[in-house]
Amino acid sequence: MALPDSFDLIFFGGTGDLALRKLLPGLYYRHRDSKDTRGWRSYAASRQKLGREQYIEMITATCRRYIPAADFDERAWTAFTQSIDYLSIDGAGGTGFAELAERLRDSGQRIRVFYLSTAADLFSTICAHLAAAGLVTPLSRVVLEKPLGRDLASATRINEEVGKIFEERQIYRIDHYLGKETVQNLLALRFANSIFEPLWHRVAVRDVQITLAETVGVEERGGYFDHYGSLRDMVQNHLLQLLCIIAMEPPVSIDPDAVRDEKLKVLKALRPFTPDTVRAKIVRGQYRPGAIDGKAVPGYLEEKGIPAHSTTETFIAMRVDLDNWRWARVPFYLRTGKRMQERVSEIVINFRGVPYAILPGTDGDTNRLVIRLQPDEGIKLFVSAKIPGAEMRVRPVDLDLDFGKTFKTRRWDAYERLLMDAISGNLTLFMRRDELDAAWRWIDPIQEAWAVQGDPPKPYTSGTWGPTASSALIAREGLAWREET
Ligand code: BG6
9 MALPDSFDLI FFGGTGDLAL RKLLPGLYYR HRDSKDTRGW RSYAASRQKL
59 GREQYIEMIT ATCRRYIPAA DFDERAWTAF TQSIDYLSID GAGGTGFAEL
109 AERLRDSGQR IRVFYLSTAA DLFSTICAHL AAAGLVTPLS RVVLEKPLGR
159 DLASATRINE EVGKIFEERQ IYRIDHYLGK ETVQNLLALR FANSIFEPLW
209 HRVAVRDVQI TLAETVGVEE RGGYFDHYGS LRDMVQNHLL QLLCIIAMEP
259 PVSIDPDAVR DEKLKVLKAL RPFTPDTVRA KIVRGQYRPG AIDGKAVPGY
309 LEEKGIPAHS TTETFIAMRV DLDNWRWARV PFYLRTGKRM QERVSEIVIN
359 FRGVPYAILP GTDGDTNRLV IRLQPDEGIK LFVSAKIPGA EMRVRPVDLD
409 LDFGKTFKTR RWDAYERLLM DAISGNLTLF MRRDELDAAW RWIDPIQEAW
459 AVQGDPPKPY TSGTWGPTAS SALIAREGLA WREET
């Protein structure tokens, strides 16, 4: 993807985890691999009072840890840092914006990207300060990190405030899962091949499972996480976006609105939960002490920043229905959790078995398509094959496409891709406001039912696949989670 010859990238939260781990390394790679970067300028902003030299020292030390040694080229890194400036800006208090305006004084005709990797409750204030300082030009864009709000009401408030300053075409709401290589490969799989589409519906598909399992706990983000929980942190965005890409109708083109129109239809087809179905079809859990890879880990309630009696969920499993012609009565099982047995993100499409078994051992369901997002990226298609020998015996084998082995080039990190998309003005992989509203509209009743019912989350031991109720949920239909790695 070609980047424009010149742009100004201003990122708020410049000393934060996201900037250090993802944004700066991503930008470094693009610098290193591009011919002419003379017109590229980046401004890191944060509240910390640092000089430019201090900031460069700090990011040099941290990025050395996050960029693999083989990719860290001293000369390229030094050249890259020359394009970075630092400003101390207090987004809430409003100090520092005049200084930013001064630095950007002659660049009104350049593309300007404001990347807000701050808490969502600062989005409106920062945008208002940007406007007041005369910094928002027709060529400006704003990138907003998730989660955007805690419910429909707060998301609406933020969107309205930001919408007073930026037009919808200038707003890039990020969901980094959409930037993952395999998620885009899912688009390629569905819309660049003709063999899957005839099978991609309720007649051939028995169930769909999406699992986003992590082995990490809440790490240093206890304060944030306890306020959100897995439903808002993972389901409202990442899981629903993956569901949209799997379930949507073919868009008329790959243009942003064509794709987002189709995703929106999926969100609108989600069957709303009622208090009864929340109880029957959703399992929420919270991790207890256990072991991951043989190492003892604390429980959620012992983590830093977590109140002793917190009832925030760190695990969710749910059965979801899409009320439309393509997917009627096909169960979609969504699952996400922290401190699980393995780190694995995958989508499993289970196809129905053969209508009548003429070969021994073929009366079960064999055909399944597994789309693996991480840790390794690839696609496996399971088919029945004859076991060599005199007897006619069959068993499932997999046709295995390992993206790492097939495409030997370095794969872009999701943030690297999305940052470049924002700079190049491609909105396809960003969420439109109506999508976000539809997602919150579906999530809110779940949260409300939990608040009224007051059931605590089910405990599960760290290093397992979550509460046993999760297996029971899917077993009710004679199914099981795919848990092979
Ligand atoms: C973030 C969530 O959006 O995604 C985190 O806030 C989660 O809680 C992370 O750990 C997972 O992302 P990835 O790319 O590591 O699967």
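To get the numbering used here, take the position in the sequence shown, counting from 1, and add 8.
The beta-carbon is built from N, C-alpha and C at its ideal position, and this holds for glycine as well.
Only a predicted model underlies this, so the values are computations on that prediction, with no experimental measurement involved.
Could you check whether residue j and residue i sit closer than 8 Å to each other, using their CB atoms as the reference points?
i	j	result
Leu-35	Leu-367	no
Leu-409	Ile-387	yes
His-39	Phe-88	yes
Thr-322	Tyr-295	yes
Gly-187	Lys-346	no
Arg-495	Tyr-341	The first residue shown for the chain is 9 and the last is 493, placing residue 495 beyond what the model contains.
Thr-344	Val-243	yes
Pro-359	Glu-385	The sequence as given places Phe at residue 359; Pro does not occur at that position. No, the Cβ-Cβ distance between Phe-359 and Glu-385 is not below 8 Å.
Leu-275	Ala-446	yes
Leu-112	Leu-143	yes
Arg-292	Lys-466	yes
Ile-300	Ser-478	no
Ala-52	Tyr-63	yes
Arg-158	Tyr-236	yes
Ile-119	Leu-147	yes
Ile-97	Phe-20	yes
Leu-278	Asp-442	no
Glu-169	Cys-135	yes
Val-191	Ile-253	yes
Val-305	Pro-297	yes
Tyr-423	Leu-152	no
Asp-44	Asp-13	yes
Glu-107	Pro-339	no
Val-402	Lys-394	yes
Leu-407	Leu-389	yes
Arg-337	Arg-210	yes
Val-260	Thr-436	no
Ser-582	Pro-383	Nothing in the structure corresponds to residue 582, since the chain is present only between 9 and 493.
Ser-132	Ile-166	yes
Gly-231	Gly-313	yes
Tyr-94	Arg-55	no
Pro-283	Gln-461	yes
Arg-449	Leu-160	yes
Where do the ends of the alpha helix (DSSP H) carrying residue i lie?
i	result
Trp-85	82-89
Gln-62	60-74
Ile-357	Premise fails: Ile-357 lies in the beta strand (DSSP E), 352-359, not in any alpha helix (DSSP H).
Ser-2	Residue 2 falls outside the range modelled here, since the chain spans only 9 to 493, and no answer is possible.
Arg-111	105-111
Thr-476	476-483
Kindly indicate the opening and closing residues of the beta strand (DSSP E) around residue i.
i	result
Ala-304	303-305
Tyr-308	Element bounds for Tyr-308: n/a, residue is neither H nor E.
Leu-17	14-20
Pro-467	466-469
Phe-122	119-124
Tyr-364	Counting along the chain, Tyr-364 falls outside any beta strand (DSSP E), and DSSP gives it neither H nor E.
Gly-34	From DSSP, Gly-34 is part of no beta strand (DSSP E) but of the alpha helix (DSSP H) over 32-41.
Thr-344	340-345
Ser-54	47-54
Ile-97	Note, Ile-97: premise wrong, no beta strand (DSSP E); not H, not E.
Segments of 4+ residues assigned as alpha helix (DSSP H) that fall wholly inside the region 377-446: 411-414 and 422-432
Ordered list of beta strand (DSSP E) runs contained in the region 198-264, each at least 3 residues: 213-221
Minimum length 3: unbroken beta strand (DSSP E) runs contained in the region 134-210: 148-152 and 179-181
Cβ contact check for the region 413-421 and the region 17-27: 3 or more pairs under 8 Å: no
Meets three-Cβ-pair contact criterion under 8 Å: the region 479-490 and the region 209-224: yes
Stretch pair the region 239-259 + the region 367-376: three plus CB contacts closer than 8 Å: no
Three CB pairs or more closer than 8 Å across the region 351-358 and the region 328-336: no
The region 450-462 contacting the region 190-208, beta-carbon criterion three pairs below 8 Å: no
Runs of alpha helix (DSSP H) lying entirely within the region 269-302, each at least 4 residues, in chain order: 283-289
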